[in-house]
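Colleague: This is the structure I want to talk about, given as structure tokens.
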Amino acid sequence: MKQNKTQIETLNRRDMLKWMLGTAVTPALMDPAKLFAQGTLPRASAKSIIQIWMWGGPSHLDTFDPKPDAGDVYTGPLTKSIATNVDGITIGEMLPLLAKQADKYSIIRSMTHRSNAHETATYMMQTGRNPAERLVYPSMGAVVSLFKGYDHGYKSLIPPYVVLTTALGRFSEVGFLGPKYKPFVTGGDPNKTPFAVEGIVAEGITEQRQKDRRQLLDSLDVLGNAIPNNDEFNRFDQCQNNAYEMILGDARKLFDLSQETDELREQYGRTTFGQSCLMARRLVEYGIPYVAINYGGWDTHKQHFETMRRKMPEYDKGLAALLQDLSSRGLLDSTIVANYGEFGRTPKVQWEEPWNGGRGHYGNCFSALVAGGGFKGGCVVGASDARGEEVAQRPVYPQDLIGTFYQLMGIDPDGPMPNPMGMDIKVMPSINKDGAPTGGRLNEIC
548 MKQNKTQIET
558 LNRRDMLKWM
568 LGTAVTPALM
578 DPAKLFAQGT
588 LPRASAKSII
598 QIWMWGGPSH
608 LDTFDPKPDA
618 GDVYTGPLTK
628 SIATNVDGIT
638 IGEMLPLLAK
648 QADKYSIIRS
658 MTHRSNAHET
668 ATYMMQTGRN
678 PAERLVYPSM
688 GAVVSLFKGY
698 DHGYKSLIPP
708 YVVLTTALGR
718 FSEVGFLGPK
728 YKPFVTGGDP
738 NKTPFAVEGI
748 VAEGITEQRQ
758 KDRRQLLDSL
768 DVLGNAIPNN
778 DEFNRFDQCQ
788 NNAYEMILGD
798 ARKLFDLSQE
808 TDELREQYGR
818 TTFGQSCLMA
828 RRLVEYGIPY
838 VAINYGGWDT
848 HKQHFETMRR
858 KMPEYDKGLA
868 ALLQDLSSRG
878 LLDSTIVANY
888 GEFGRTPKVQ
898 WEEPWNGGRG
908 HYGNCFSALV
918 AGGGFKGGCV
928 VGASDARGEE
938 VAQRPVYPQD
948 LIGTFYQLMG
958 IDPDGPMPNP
968 MGMDIKVMPS
978 INKDGAPTGG
988 RLNEIC
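This is the structure in structure tokens:
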């Protein structure tokens, strides 16, 4: 399905410059300083989140909830599960590297929202909200940007919400918060040299050429030089200085993966996904609160297993290297790694034409991986039934998962959510989309 370009919210150069100048206005009714002063936020164990968004929805049976005894109608050719370095936990046979890292992550095997539509499921898994509500709520990245970004002393010119490398799409990620909280979508490919980051690094343009361009621009600014103390010109100059600081300063160096050793880059895998994982580590090490990797290719309606043979090795390598690298640098304790898609895939393989061994959309029961930032490693939360078709134990709803992330980041899930309408809204709802209470937070059990 083609994405509607009007649904994709990205931070373009003009938005970035407005952001740098502080001209992206927050309405008075959603003044964060006034709302945050009303209470004390919970103590945070996490400083950053890396979300690996498996666009299209990965199969839970082929990844973290294998069912080798269900028969080949369900398993297809992937008939085995493999042991991990945690006794009693097994995962899919195509994830041998992640099997060695199971002590660093926990698996949720009972995610559910029962939606099989990309747009609806994405909205729920990104916001924790019922899509039937009349408001369009902000995504998790935008909320973290609100509570942990410029309104709270964040100083970097690089926005606090970064997406590698294409926009998540499907809905307006900022919801009612407005353009100040849009993600900075990098574009480019971190596996190429250079990594052509939108508005920062341009292919074929050297650093010296950028400096020469700046010098030429300054020499042509006759009016600005003639009126040196004009407030409007000063604001423009500050904007220009910030832009060139992004192009020629720390930002350019930050996105330069050639500063990493060849050995480490090989550990992550010389693929777009592998190098995106390495880039995400650099970003959280730098202090970016929220980094999302939009990892597409999981919408496997046709020839599912052929796709798995191609994608699973690069996924296994990139994620395993990320967990190990974060851990070895002392960053895992302060960095949440959140890995899932909008839903799972049908447990029963669709062998008939035209699918030829495909798996469809499946929101009744699916899996998620969480690590770091206060989550325990080596745990399994919930369970599916013998064929992975329904939740058998401890259902986990999107708002349970996202609420836990907020809590670990020091954002009160039960606190007020700033909004331009002045409505009494909580950061996270206390009931699910069916009107029943949610399962609660997860950080105490995983």
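Numbering (our numbering), first residue to last: 548 to 993.
We treat Cβ as the ideally placed atom computed from N, Cα and C, and that holds for glycine.
Taking the straight line between their C-alpha atoms, what separation do you get for I655 and L811?
Modeller: Spanning the two alpha carbons is a distance of roughly 29 Å.
Colleague: So, does the CB of S653 fall closer than 8 Å to a CB anywhere in chain C?
Modeller: Within the model displayed, chain C is absent; a lone protein chain is all it includes.
Colleague: Suppose only complete runs of 3+ residues qualify. What are the beta strand (DSSP E) ranges in the region 842-900, listed by chain order?
Modeller: You should have 882-887.
Colleague: Suppose contacts are defined by Cβ-Cβ distances below 8 Å. Is A689 in contact with L955 by that definition?
Modeller: Going by C-beta atoms, A689 is not nearer than 8 Å to L955.
Colleague: How many Å lie between M855 and L642 at the Cα?
Modeller: Those two C-alpha atoms are separated by around 11 Å.
Colleague: Give me the Cβ distance between H908 and G639, rounded to the nearest whole Å; I'm assuming they're in contact under 8 Å.
Modeller: That pair is no contact at about 19 Å.
Colleague: How many angstroms separate the CA atom of D578 from the CA atom of V974?
Modeller: Below a pLDDT of 50, predicted positions are generally treated as unreliable, and D578, at 41, falls in that range; no measurement from the model is reported.
Colleague: Buried or exposed for E680, please, with buried defined as at least 16 other CB atoms from any protein chain shown within 10 angstroms of its CB.
Modeller: Under this definition E680 is an exposed residue.
Colleague: Go to I599, then tell me how far its beta strand (DSSP E) extends in each direction, as first and last residue.
Modeller: S595 to M601 is the span of the beta strand (DSSP E), which, as asked, contains I599.
Colleague: In the DSSP assignment, what are the bridge partners of H908?
Modeller: DSSP lists R892 as partners of H908.
Colleague: Can you name the start and end residues of the beta strand (DSSP E) that Q822 belongs to?
Modeller: That residue, Q822, is in no beta strand (DSSP E); its alpha helix (DSSP H) goes T819 to Y833.
Colleague: Taking the alpha helix (DSSP H) that S692 belongs to, which residues open and close that run?
Modeller: Counting along the chain, the alpha helix (DSSP H) containing S692 begins and ends at M687 to K695.
Colleague: For G569, count the other beta carbons within 10 Å of its own beta carbon; 16 or more makes it buried, fewer makes it exposed. Which is it?
Modeller: Residue placement at G569 cannot be trusted, given a pLDDT of 35 that sits under 50; what the coordinates show is reported in the next sentence. With fewer than 16 Cβ atoms within 10 Å of its Cβ, G569 is classed as exposed.
Colleague: What number of angstroms, rounded off, separates the C-alpha of S653 from the C-alpha of L989?
Modeller: Near 11 Å, if we compare the C-alpha coordinates of L989 and S653.
Colleague: With a threshold of 6 Å on Cβ separation, who are the neighbours of T713 within its own chain once the five nearest residues in sequence on each side are excluded?
Modeller: These residues qualify, in order along the chain: N841.
Colleague: Give me the residue from F718, G925 and P737 with the minimum Cα distance to P1026.
Modeller: One cannot answer for residue 1026 here, as it falls past the ends of the chain, which runs 548 to 993.
Colleague: Quick one: what does DSSP say F731 is sitting in, helix, strand or coil?
Modeller: In the structure shown, F731 sits in a strand (DSSP, three-state: E or B).
Colleague: Within 10 angstroms of the Cβ of R857, are there 16 or more other Cβ atoms? Answer buried if so, exposed if not.
Modeller: Burial call: exposed.
Colleague: Between the region 684-700 and the region 942-958, do at least 3 Cβ pairs fall closer than 8 Å?
Modeller: The answer is yes - the region 942-958 touches the region 684-700, with three or more Cβ pairs under 8 Å.
Colleague: What separation, rounded to the nearest whole angstrom, lies between the Cα atoms of G888 and A915?
Modeller: Approximately 8 Å, taken between the alpha carbons.
Colleague: Is the separation between the beta-carbon of A918 and that of V884 shorter than 8 Å?
Modeller: Result yes, Cβ atoms of A918 and V884 sit closer than 8 Å.
Colleague: Within 10 angstroms of the Cβ of N886, are there 16 or more other Cβ atoms? Answer buried if so, exposed if not.
Modeller: Buried.
Colleague: Using a Cβ-Cβ cutoff of less than 6 Å, which residues in the same chain neighbour C993 once the five nearest sequence positions on both sides are dropped?
Modeller: Here the set comprises S653, F922, K923, C926 and V928.
Colleague: What residues in its chain sit with their C-beta under 6 Å from that of P496, if we drop five residues either side in the sequence?
Modeller: This structure gives no information on residue 496, because the portion of the chain shown stretches from 548 to 993.
Colleague: Just tell me which of V896, W845 and V831 has its CA closest to the CA of G877.
Modeller: Cα-wise, what sits closest to G877 is V831.
Colleague: Taking the C-alpha atoms as reference points, what is the distance between D872 and L608?
Modeller: Taking the straight line joining both Cα atoms gives about 27 Å.
Colleague: For the region 698-705 against the region 734-744, do three or more pairs of beta-carbon atoms, one drawn from each stretch, fall closer than 8 Å, so that the two count as touching?
Modeller: Contact fails: fewer than three Cβ-Cβ distances are below 8 Å.
Colleague: From this set, L645, K849, L724 and R828, which residue's C-alpha is nearest I596's C-alpha?
Modeller: Per the Cα distances, R828.
Colleague: Please report the straight-line C-alpha distance between K864 and F820, rounded to a whole angstrom.
Modeller: For K864 and F820, the distance between alpha carbons rounds to 9 Å.
Colleague: Can you find the residues in the same chain that come closer than 7 Å, C-beta to C-beta, to D846, ignoring five residues on each side of it along the sequence?
Modeller: Closer than 7 Å at Cβ, skipping near neighbours: G603 and G604.
Colleague: Secondary structure at R988, three-state DSSP: helix, strand or coil?
Modeller: Three-state result, R988: coil.
Colleague: Would you give the residue range spanned by the alpha helix (DSSP H) that L645 belongs to?
Modeller: Residues P643 to A646.
Colleague: Can you tell me whether DSSP reads M679 as helix, strand or coil?
Modeller: Checking the sequence, you will find Ala at residue 679 rather than Met. Coil at A679, not helix or strand.
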